[in-house]
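Novice: Residue numbers (the numbering used here): 2 to 259. Note that the Cβ used here is the ideal one computed from N, Cα and C, for glycine as well.
#1: Return the bridge partner residues of residue 249 from the DSSP annotation.
#2: Which residue wins for smallest C-alpha separation from residue 172, given the options 196, 135, 178 and 202?
#3: According to the neighbour-count rule (16 or more other Cβ atoms, all chains shown, within 10 Å of its Cβ), is residue 133 buried or exposed?
#4: Roughly how many angstroms separate the alpha carbons of residue 6 and residue 66, rounded to a whole number?
#5: Can you give me the Cβ contacts of residue 248 inside the same chain, cut-off strictly under 6 angstroms, excluding the 5 residues immediately before and after it?
#6: Report the three-state DSSP secondary structure of residue 51 (helix, strand or coil).
#7: Leaving out five residues before and five after residue 90 in sequence, what residues of the same chain have Cβ atoms less than 6 angstroms from its Cβ?
#8: Tell me, please, whether the region 51 to 69 touches the region 201 to 209 by the rule of three or more beta-carbon pairs shorter than 8 angstroms.
#9: Alpha helix (DSSP H) containing residue 131: first to last residue?
#10: How would you write the range of the beta strand (DSSP E) that residue 174 sits in, first residue to last?
#11: Report the three-state DSSP secondary structure of residue 28 (helix, strand or coil).
#12: Could you tell me which of 196, 209 and 37 sits nearest to residue 190, measuring between CA atoms?
#13: Does the separation of the CB atoms of residue 124 and residue 241 fall below 8 angstroms?
#14: Return yes when the Cβ of residue 77 is within less than 8 angstroms of the Cβ of residue 231, no when it is not.
#15: Opposite residue 140 in the DSSP bridges: which residues?
#16: First and last residue of the alpha helix (DSSP H) that includes residue 18?
#17: Can you tell me whether residue 192 is helix, strand or coil according to DSSP?
#18: Can residue 89 be considered in contact with the ligand NAD, in the sense that its beta carbon sits closer than 7 angstroms to one or more heavy atoms?
#19: I need the boundaries of the beta strand (DSSP E) containing residue 231, first residue and last residue.
#20: For residue 105, which of 15, 194 and 222 has the nearest alpha-carbon?
#21: Looking only at its own chain, which residues have a Cβ that is under 6 angstroms from the Cβ of residue 102, when we skip the five neighbours before and after it?
#22: Quick one, are the C-beta atoms of residue 49 and residue 26 less than 8 angstroms apart?
#23: Would you give the residue range spanned by the alpha helix (DSSP H) that residue 113 belongs to?
#24: For residue 186 and residue 139, what's the separation of their Cα atoms in angstroms?
Structure representation (structure tokens):
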């Protein structure tokens, strides 16, 4: 699904060692990691064992994306302390860009949108471009949010809204806090809120927004997103369609209104 994710696997010191194994018996701790590697074609599961295929990681490797595995995901799976590499986590959100844009086109129009947790998927200006909505982005990982704020600051101030003439997105705000700490009266009622691959207090979100969308990505990228969320203590989002109505679904993206 993602050659960039393949490059991240090639850039991980730990995963390069795993890929040298012809056959392994995955324990419970690393089961999710081997599930990802099997989804990407590096292993085939046979009973309780994973057998190595002949797939070769790409060259050049991405050391930055590899650090997401080595510094965040694998320490978490092994029960060790996680020391987030903020630059690596920020870079990882770029993998979701094509799928974010596709999902954003399904939200409909709005005046003010809430991103209820920026990590792991990185929803941002593509929402404004697709819906015409001004944007408030919330995340408790302020170091990563600051990198996104810096990125957005160098973008053009005008975004082309779908099927409309060029129009400015006049408002973009970043809130470095937990969603639960966002005051109900600070921005007024949001047109809609977006949640992606994380656990969120749905009751709180519904108090804040008229519509709430949960986005799930499929295949290896979805597994990768879940692993990041769990490793950072963000919980894990509900699966496609659960607790709501499916607005859009294909093999890579699911949008549920909850």
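Specialist: Answer, in terms of the structure:
#1: Along the chain shown, read from residue 1 onward, the residue named residue 249 stands at position 248. Under DSSP, residue 249 forms a beta bridge with 256.
#2: Here residue 172 is taken as the residue at index 171 of the chain shown, counted from 1. It is 135.
#3: Here residue 133 corresponds to residue number 132 of the chain shown, with the count starting at 1. Buried, since its Cβ has 16 or more Cβ neighbours within 10 Å.
#4: Within the chain shown, the letter at position 5 stands for residue 6. Within the chain shown, the letter at position 65 stands for residue 66. Each residue's alpha carbon lies about 7 angstroms from the other.
#5: One-based indexing of the chain shown puts residue 248 at position 247. Cβ within range, chain order: 107, 256 and 258.
#6: Residue numbering aside, residue 51 sits at position 50 when the chain shown is read from its first letter. In the structure shown, residue 51 sits in a strand (DSSP, three-state: E or B).
#7: In the chain shown, residue 90 corresponds to position 89, counting from 1. Counting only Cβ-Cβ distances below 6 angstroms, and skipping sequence neighbours, we find 145.
#8: no
#9: The sequence position of residue 131 within the chain shown is 130, counting from 1. Per DSSP, the continuous alpha helix (DSSP H) segment holding residue 131 begins and ends at 126 to 132.
#10: Here residue 174 corresponds to residue number 173 of the chain shown, with the count starting at 1. Residues 173 to 177.
#11: Residue numbering aside, residue 28 sits at position 27 when the chain shown is read from its first letter. Residue 28 falls in the coil class under three-state DSSP.
#12: The sequence position of residue 190 within the chain shown is 189, counting from 1. Residue 190 has its Cα closest to that of 209, out of 196, 209 and 37.
#13: To locate residue 124, count along the chain shown from 1; it is residue 123. To locate residue 241, count along the chain shown from 1; it is residue 240. With respect to residue 241, residue 124 sits apart: the two C-beta atoms are not nearer than 8 angstroms.
#14: Walking along the chain shown from the start, residue 231 turns up at place 230. Walking along the chain shown from the start, residue 77 turns up at place 76. Against a cut-off of 8 angstroms, the Cβ pair of residue 77 and residue 231 comes out as a contact.
#15: Here residue 140 is taken as the residue at index 139 of the chain shown, counted from 1. Looking at the DSSP assignment, residue 140 forms a beta bridge with 177.
#16: In the chain shown, residue 18 corresponds to position 17, counting from 1. First-last of the alpha helix (DSSP H) with residue 18: 14 to 19.
#17: Numbered from its first residue, the chain shown carries residue 192 at position 191. In the three-state reduction of the DSSP assignment, residue 192 falls in the strand class.
#18: Of the ligands one can find in the structure shown there are none, so the ligand NAD has no counterpart to examine.
#19: Indexing the chain shown from 1 puts residue 231 at position 230. Premise fails: residue 231 lies in the alpha helix (DSSP H), 220 to 232, not in any beta strand (DSSP E).
#20: By one-based count along the chain shown, residue 105 stands at place 104. For residue 105, the nearest C-alpha among the options comes from 194.
#21: By one-based count along the chain shown, residue 102 stands at place 101. Around residue 102: 127.
#22: Against the chain shown, residue 49 aligns to sequence position 48. Against the chain shown, residue 26 aligns to sequence position 25. For residue 49 and residue 26, yes; Cβs fall inside 8 angstroms.
#23: Here the question's residue 113 lines up with position 112 in the chain shown. Counting along the chain, residue 113 falls outside any alpha helix (DSSP H), though it belongs to the beta strand (DSSP E) covering 113 to 117.
#24: The residue labelled residue 186 in the question sits at position 185 within the chain shown. The residue labelled residue 139 in the question sits at position 138 within the chain shown. Cα to Cα, residue 186 sits roughly 15 angstroms from residue 139.
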